[in-house]
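Notes follow once the structure below has been shown.
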Amino acid sequence: GLRTICVRQMLLPAAQPRFRGITHIFIDCDDCLYQNGWATARRITQSIGAYTATLGVSKDRAYQLYKEHGTCLKGLLVERILDEAGAEEFLTEVHKIDYSEIEPDARLREVLSAVLGVAPCWVFTASASEHAARCMAKLGVGGLPWQGIIDTRACSLESKHARSSFEAAMRIAGATDPATCLFCDDSVKNIQAASAFGWRTVLVGRTDRDTGAEVRCAEAEAHLASIHGLAELLGVAPAEGADGEARE
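Sequential numbering of the sequence shown, starting at 9, is according to my numbering.
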């Protein structure tokens, strides 16, 4: 009844006290800002495989480079298969994909509208900014008051396995204290790297893409089934529909 709803709303802001004091929020794009059973991820993987085949790199090796280095591009650079001049063509060509599996999400727009009122927010992607912008437009959240998109170019083509990427993101955002930066991502390795850097972390998604096993990450301060739970985690949404848990 009314009393129950009021109690929930009264207690909610104090439910996750560790996330108070957040001054900057960074949200990953693919399989985090949106989820579609990795349909778009598979399209990107296929596109990357087709491109790397022209470089003499099999699609399986390309995917392994992604797993090892955080992005296939970083792996290609490390192994000197591509240079920085070739990286731009790579980013342009591999993201010429069909985005039809990303659909408008009105509930996500509501959640993000609340989240963007907590602190300035950036989409932080190891992909290309134009790809993230297309995803955001398809979701119907591109018009929200984001501060911007931080992509791999802004991080000197590094992936989010690298400390320098988090340094670059903070510099772009004007942040000075890692402990006031909140990071949401679906990658365990990215969460581990962010946590080691001192950022606050939220792991998004409960199932591993390759194995179907439950995803676990001791370094994540909270674990959400989807980004739809972020507003509630930050105490700015009704308690109904909870899908996350915080670790004490």
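All residues carry an ideal CB built from backbone N, CA and C; glycine is no exception.
Start-to-end residues for the alpha helix (DSSP H) that takes in residue i
i      : result
GLY94  : 92–102
ALA239 : 238–241
PHE27  : Counting along the chain, PHE27 falls outside any alpha helix (DSSP H), and DSSP gives it neither H nor E.
ILE199 : 196–205
VAL119 : 114–123
ILE157 : Not the alpha helix (DSSP H): ILE157 falls in the beta strand (DSSP E), residues 156–158.
VAL212 : Careful: VAL212 lies outside any alpha helix (DSSP H), inside the beta strand (DSSP E) at 208–212.
HIS77  : 67–77
VAL86  : 80–86
ALA233 : Unbroken run through ALA233: none, as it is neither H nor E.
ILE180 : 171–181
ILE56  : 47–61
Same chain, Cβ closer than 6 Å to residue i, five either side skipped, listed in chain order
i      : result
ILE13  : Here the model assigns ILE13 a pLDDT of 36, short of 50, so the residue's position is not dependable and the matter cannot be decided.
ALA228 : ILE199, THR209, LEU211
LYS146 : TYR107, ILE110
LEU120 : VAL149, LEU152
THR60  : ALA70
GLY156 : TRP130
ILE158 : TRP130, PHE132, ALA177, ILE180
7 Å Cβ shell around residue i - same chain, five flanking residues per side excluded
i      : result
ARG142 : TYR107
SER203 : THR209, GLU227
Heavy atom of the ligand MN within 6 Å of residue i beta-carbon
i     : result
ASP36 : Within the structure as shown, the ligand MN is missing, as the structure has no ligands at all.
Nearest candidate by alpha-carbon position, reference residue i, set the options
i      : options                        : result
ALA201 : SER173, GLU97, ARG88           : SER173
ASP194 : LEU63, ALA233, THR219, LEU242  : ALA233
SER55  : GLU87, HIS103, GLN155          : HIS103
ILE105 : GLY57, MET178, ALA162, LEU90   : GLY57
CYS37  : MET144, PHE98, MET178, GLU222  : MET144
PRO112 : CYS163, TYR42, ALA93           : TYR42
ARG50  : ASP68, THR62, GLY64            : ASP68
GLU87  : PHE27, ILE35, GLY64            : GLY64
ARG224 : VAL196, ASP218, LEU242         : VAL196
TRP154 : GLY243, ALA162, VAL123         : VAL123
TRP46  : GLU240, GLY182, ASP218, GLU175 : ASP218
GLU240 : GLU118, ASP39, GLU97           : GLU118
Anticipated Cβ contact below 8 Å, residue i with residue j, distance rounded
i      : j      : result
HIS236 : LEU116 : 6 Å
LEU238 : CYS192 : 6 Å
Start and end residues, beta strand (DSSP E) containing residue i
i      : result
LEU190 : 189–193
HIS139 : No beta strand (DSSP E) holds HIS139; the alpha helix (DSSP H) holding it covers 137–147.
ILE278 : For residue 278 there is no data in the structure shown, the boundaries of the chain being 9 and 256.
ILE35  : 32–35
Other residues of its chain near residue i: CB distance less than 8 Å, five sequence neighbours each side excluded
i      : result
MET178 : HIS32, THR184, PRO186, CYS189
ALA114 : GLY148
GLU256 : Its pLDDT being 38, under 50, GLU256 is placed unreliably by the model, and the measurement read from it follows with that caveat. Nothing meets the Cβ criterion.
ARG171 : ALA201, ALA204, PHE205
PHE98  : TYR59, LEU81, LEU84, LEU90
Minimum Cβ-Cβ distance from residue i to chain C less than 7 Å
i     : result
LEU99 : Protein chains in the displayed structure number just one, and chain C is not present.
Any 3 or more C-beta pairs closer than 8 Å across the stretch 71–89 and the stretch 150–170: yes
The stretch 182–195 touching the stretch 207–214, judged by at least three CB pairs closer than 8 Å: yes
At least three beta-carbon pairs within less than 8 Å, the stretch 121–141 to the stretch 63–75: no
The stretch 118–130 touching the stretch 29–46, judged by at least three CB pairs closer than 8 Å: yes
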